[in-house]
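Novice: Residues 6 to 439 in our numbering are what the sequence shown lists, from first letter to last. The beta-carbon is built from N, C-alpha and C at its ideal position, and this holds for glycine as well.
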Amino acid sequence: MAIDTPATRPHPVDPDCETAGGPTPVSSSAAMPASGAGSFPEMGMSTQAVHAGEPRQKAEGSISTPVFSASTFTFESTAALLRFVEGHDEREEYGRYGNPNEKSVERKLAALDAAESAILYSSGMAAIVGLLMSKLSSGDEVIFFDQCYHRSREFCVKHLARFGVKTHQVKTGDFEAMEAAINANTRMLISESPTNPHLTSIDIEQFVAVGKAHEVETLIDATLATPFNIRPIELGVDYVLHSATKYLGGHNDLLAGVICGSAEKLEPVRQLRGILGSINAPQNLYLLERGLKTFALRMERHNANGQAVAEFLNSHPRIEKVYYPGLPSHPSHAIASSQMKGFGGLITFLVRDADWRQTAKVIDAVKLPRIAPSLGGVESLIEQPLVMSYFNYSPEDRQRFGISDNMIRMSCGIEDTADLIADLDQALKVSLDD
Ligand SMILES: Cc1ncc(COP(=O)(O)O)c(C=O)c1O
6 MAIDTPATRP HPVDPDCETA GGPTPVSSSA AMPASGAGSF PEMGMSTQAV
56 HAGEPRQKAE GSISTPVFSA STFTFESTAA LLRFVEGHDE REEYGRYGNP
106 NEKSVERKLA ALDAAESAIL YSSGMAAIVG LLMSKLSSGD EVIFFDQCYH
156 RSREFCVKHL ARFGVKTHQV KTGDFEAMEA AINANTRMLI SESPTNPHLT
206 SIDIEQFVAV GKAHEVETLI DATLATPFNI RPIELGVDYV LHSATKYLGG
256 HNDLLAGVIC GSAEKLEPVR QLRGILGSIN APQNLYLLER GLKTFALRME
306 RHNANGQAVA EFLNSHPRIE KVYYPGLPSH PSHAIASSQM KGFGGLITFL
356 VRDADWRQTA KVIDAVKLPR IAPSLGGVES LIEQPLVMSY FNYSPEDRQR
406 FGISDNMIRM SCGIEDTADL IADLDQALKV SLDD
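Listed below in structure tokens is the structure:
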């Protein structure tokens with residue numbers, strides 16, 4: 006057994022840090038297969054959701070991944086510790102740098118997105134912050150399409166600015182404007198597809214082409230699509246982000262976020278996560294792994310419910326407009342159809358001739374969907390963006406972001422389609438008069 010001195014470690018650590026800072030050596034990359042971890046790239050999404058990333062035989066023969074409720078992991082001897090820090094042993098050291106539950110879910114998520122590697126975070130926002138903090142320095146610039154989750158915009162515009170990073174917002178899908186905004190300092194192009202809450206799909210191949218032409222990295226937030234409906238890594242995107250709080254967890258009972266990409270590009274991101282500490286508790290990861298087992302099954306129902314409810318609303322006289330990628334009336338329907346397998350469960354619609362109070366009456370008349378933010382869980386949810394996420398915005402800003410007073414956003418869960426439609430039908434009969 007070769008036991009060298011720490012000076013020979015393959016990945017030197019900052020001498021100011023009190024420990025190895027983890028395992029820079031083992032890097033705990035999800036790309037690194039755990040011994041016996043299942044890999045089924047040629048198989049269907051449901052098979053992968055059930056089996057990928059998990060060793061066939063687990064501790065004590067447990068079929069599910071046991072919850073490793075440990076903040077730290079012990080070494081049997083100094084020799085064992087040295088084997089680890091020298092990078093010979095793939096194992097855990099300290100909970101902030103990794104945990105077996107985390108590895109198992111990261112491998113599964115990487116498999117679902119056809120990515121080499123995946124990094125989990127404590128929420129979708131922690132994932133965005135972790136990625137951008139790792140990739141950007143003072144003087145750098147990012148460009149993003151302007152339809153997006155409002156907190157992502159807020160982080161870029163308000164907070165990255167404090168660290169000297171400039172953000173350009175361009176009209177969603179306007180690639181000419183995006184190219185015009187690129188300069189020598191541009192480091193990343195960012196977009197959602199579909200966007201929240203207008204459900205606009207962007208041409209991901211074109212997005213990638215612009216990035217490659219200017220040697221700028223690309224990030225797609227595919228939370229609303231999920232890997233069931235689109236796999237941007239296969240289209241050449243550098244980083245794919247999901248709020249796993251939504252469809253991946255799928256049960257409205259946890260928060261998590263994930264970034265997928267190449268192991269090499271994600272390595273510095275993983276290193277920074279070990280410092281930020283924006284990780285998940287093992288119990289949360291157990292829930293996420295459990296939720297993922299039925300991911301493909303759930304997505305089939307979310308897609309079916311979304312399409313059927315959108316078609317129902319689209320033909321309803323009380324509805325002015327429906328935003329849903331699966332409707333031919335949506336401006337980006339053609340591109341959505343060409344790059345997505347299904348269109349998800351999220352629908353945004355406008356109540357005809359209604360002010361905000363009358364719109365709220367429709368929401369209050371609904372019996373099945375619960376009034377709550379979020380989306381992608383088994384329970385249908387409904388909200389009025391004006392009163393929920395955009396309550397503190399000025400009318401001018403709401404107009405700028407396309408949030409109208411009569412807008413409703415509904416996340417179709419996995420309830421029976423006919424029941425959701427019947428419920429909306431009765432709610433839309435409510436009197437809007439005082
Ligand atoms: C498209 C999108 N990205 C990111 C996020 C942030 O995810 P989380 O709530 O898990 O932090 C959200 C949350 O709604 C979202 O809708």
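Taking 9 Å as the cut-off, decide whether the C-beta atoms of L271 and I124 are in contact.
Specialist: Stepping through the sequence shown from its first residue, residue 271 is reached at position 266. Stepping through the sequence shown from its first residue, residue 124 is reached at position 119. Contact: yes.
Novice: Return yes when the C-beta of G129 is under 8 Å from any heavy atom of ligand 1, and no when it is not.
Specialist: Sequence index remark: in the sequence shown, residue 129 carries index 124 (1-based). For ligand 1, at least one heavy atom lies less than 8 Å from the Cβ of G129.
Novice: Please look up how many angstroms separate the CB atoms of I209 and V242, rounded, as I've assumed it's under 8 Å.
Specialist: Taking the sequence shown and counting its residues from 1, one reaches residue 209 at position 204. Taking the sequence shown and counting its residues from 1, one reaches residue 242 at position 237. About 6 Å; that satisfies the 8 Å criterion.
Novice: Going by DSSP, which residues form a beta bridge with E294?
Specialist: For the purposes of this step, residue 294 is taken as residue 289 along the sequence shown, with counting starting at 1. In DSSP, E294 forms no bridge with anything.
Novice: In three-state DSSP terms, what is H247?
Specialist: Against the sequence shown, residue 247 aligns to sequence position 242. When DSSP states are grouped into helix, strand and coil, H247 belongs to the strand group.
Novice: Buried or exposed: where does R112 fall if 16 or more other Cβ atoms within 10 Å of its Cβ makes it buried?
Specialist: On the sequence shown, position 107 is the one that residue 112 refers to. It is buried - the Cβ of R112 has at least 16 other Cβ atoms within 10 Å.
Novice: Examine ligand 1 and report whether any of its heavy atoms sits within less than 8 Å of the Cβ of D258.
Specialist: For this step, residue 258 is matched to residue 253 along the sequence shown. Checking the Cβ of D258 against ligand 1 gives no.
Novice: Using the Cβ count rule (16 or more neighbours within 10 Å means buried), how would you classify T29?
Specialist: Your numbering for residue 29 matches position 24 in the sequence shown. Unreliable placement is indicated for T29, whose pLDDT of 45 sits below 50; no coordinate value is reported for it.
Novice: Going by DSSP, what residues sit across from V110 in a beta bridge?
Specialist: Locating residue 110 in the sequence shown gives position 105, where the first residue counts as 1. V110 is not bridged to any residue.
Novice: Unbroken alpha helix (DSSP H) runs of length 4 or more, entirely within the region 292-371: which are they?
Specialist: 300-319, 338-344, 361-370
Novice: Could you tell me which of R414, R278, V110 sits nearest to M393, measuring between CA atoms?
Specialist: By 1-based counting over the sequence shown, the position of residue 393 is 388. That would be R414, whose Cα lies nearest to the Cα of M393.
Novice: With 16 as the cutoff for other CB atoms within 10 Å, does N308 come out buried or exposed?
Specialist: Position 303 of the sequence shown, counted from the first residue, corresponds to residue 308. When all chains shown are included, N308 counts as buried.
Novice: Spell out whether any CB of chain D is found under 9 Å from the CB atom of K298.
Specialist: In the displayed structure, chain D is absent; only one protein chain is listed.
Novice: Any idea what DSSP makes of G26, helix, strand or coil?
Specialist: The residue you call residue 26 lines up with position 21 of the sequence shown. Note that G26 scores a pLDDT of 45, beneath 50, so its modelled location is shaky and nothing firm can be said.
Novice: Assuming T231 contacts L253 under a Cβ cut-off of 8 Å, what Cβ separation, rounded to an integer in Å, is found between them?
Specialist: Along the sequence shown, read from residue 1 onward, the residue named residue 231 stands at position 226. Along the sequence shown, read from residue 1 onward, the residue named residue 253 stands at position 248. With 8 Å as the limit, T231 and L253 qualify as a contact, their Cβ atoms being about 7 Å apart.
Novice: Following a CB-centred definition, is D410 positioned closer than 8 Å to any heavy atom of ligand 2?
Specialist: Ligand 2 is not among the ligands present in this structure, which contains only ligand 1.
Novice: Can you tell which of D410, F406, Y398, T200 has the C-alpha that lies nearest to the C-alpha of Q389?
Specialist: Along the sequence shown, read from residue 1 onward, the residue named residue 389 stands at position 384. Considering only alpha carbons, the answer is D410.
Novice: Considering only residues of the same chain and omitting the five flanking positions on each side of T364, which have a CB-CB separation below 7 Å?
Specialist: One-based indexing of the sequence shown puts residue 364 at position 359. So the list reads V356, Q389, D410, N411, I413, once near-sequence residues are dropped.
Novice: For V314, I'd like the list of residues in its chain whose CB is within less than 8 Å of its CB, leaving aside the five on either flank, ordered along the chain.
Specialist: For this step, residue 314 is matched to residue 309 along the sequence shown. Leaving aside the five residues that flank V314 on each side, the residues in its chain whose CB is nearer than 8 Å to its CB run, in chain order, I352, M415, C417, T422, L425, I426, L429.
Novice: DSSP three-state label for A423, please.
Specialist: Against the sequence shown, residue 423 aligns to sequence position 418. If DSSP states are grouped into helix, strand and coil, A423 belongs with the helices.
Novice: Please report the straight-line C-alpha distance between Y328 and P46, rounded to a whole angstrom.
Specialist: As a working mapping, residue 328 is identified with position 323 in the sequence shown. As a working mapping, residue 46 is identified with position 41 in the sequence shown. So the two alpha carbons sit approximately 34 Å from each other.
Novice: Assign T83 to one of two classes, buried (16 or more other C-beta atoms within 10 Å of its C-beta) or exposed (fewer than that).
Specialist: Sequence index remark: in the sequence shown, residue 83 carries index 78 (1-based). Under this definition T83 is an exposed residue.
Novice: Is I133 near ligand 1 - that is, is its Cβ less than 8 Å away from at least one heavy atom of it?
Specialist: As a position in the sequence shown, residue 133 is number 128, starting the count at 1. Yes - ligand 1 has a heavy atom lying nearer than 8 Å to the Cβ of I133.
Novice: Note down, one range per segment and in chain order, each alpha helix (DSSP H) of at least 4 residues found wholly within the region 103-185.
Specialist: 105-117, 129-140, 155-159
Novice: Beta strand (DSSP E) containing I235: first to last residue?
Specialist: Taking the first residue of the sequence shown as position 1, residue 235 is located at position 230. Note, I235: premise wrong, no beta strand (DSSP E); not H, not E.
Novice: Below 7 Å CB to CB, which residues in the same chain sit around E184 once its five sequence neighbours on both sides are set aside?
Specialist: Against the sequence shown, residue 184 aligns to sequence position 179. If we look at E184 and ignore the five residues flanking it on each side, its Cβ neighbours are V215.
Novice: Taking the alpha-carbon positions, what's the R101 to L281 distance?
Specialist: Within the sequence shown, the letter at position 96 stands for residue 101. Within the sequence shown, the letter at position 276 stands for residue 281. Computed Cα separation, rounded: 9 Å.
Novice: What do you get for T79, buried or exposed, if any count of 16 or more other CB atoms within 10 angstroms of its CB means buried?
Specialist: Numbered from 1 along the sequence shown, position 74 holds the residue referred to as residue 79. With fewer than 16 Cβ atoms within 10 Å of its Cβ, T79 is classed as exposed.
Novice: Please classify A189 as buried or exposed, where buried requires at least 16 neighbouring CB atoms within 10 angstroms.
Specialist: Residue numbering aside, residue 189 sits at position 184 when the sequence shown is read from its first letter. A189 is exposed by the Cβ-count criterion.
Novice: Could you tell me whether the Cβ atoms of E197 and T228 are closer together than 9 Å?
Specialist: If you number the sequence shown from 1, residue 197 lands on position 192. If you number the sequence shown from 1, residue 228 lands on position 223. In contact: E197 and T228 (Cβ atoms closer than 9 Å).
Novice: Can the beta-carbon of R4 be found closer than 9 Å to that of F149?
Specialist: The first residue shown for the chain is 6 and the last is 439, placing residue 4 beyond what the model contains.
Novice: Leaving out the 5 sequence neighbours to the left and right, which residues in its chain are closer than 7 Å to P20 when beta-carbon positions are compared?
Specialist: Along the sequence shown, one-based indexing puts residue 20 at 15. The predicted position of P20 is uncertain, since its pLDDT is 45 and thus under 50; a value taken from the coordinates is nonetheless stated next. Short of 7 Å from the beta carbon of P20, and not among the five residues preceding or following it, lies no beta carbon of its own chain.
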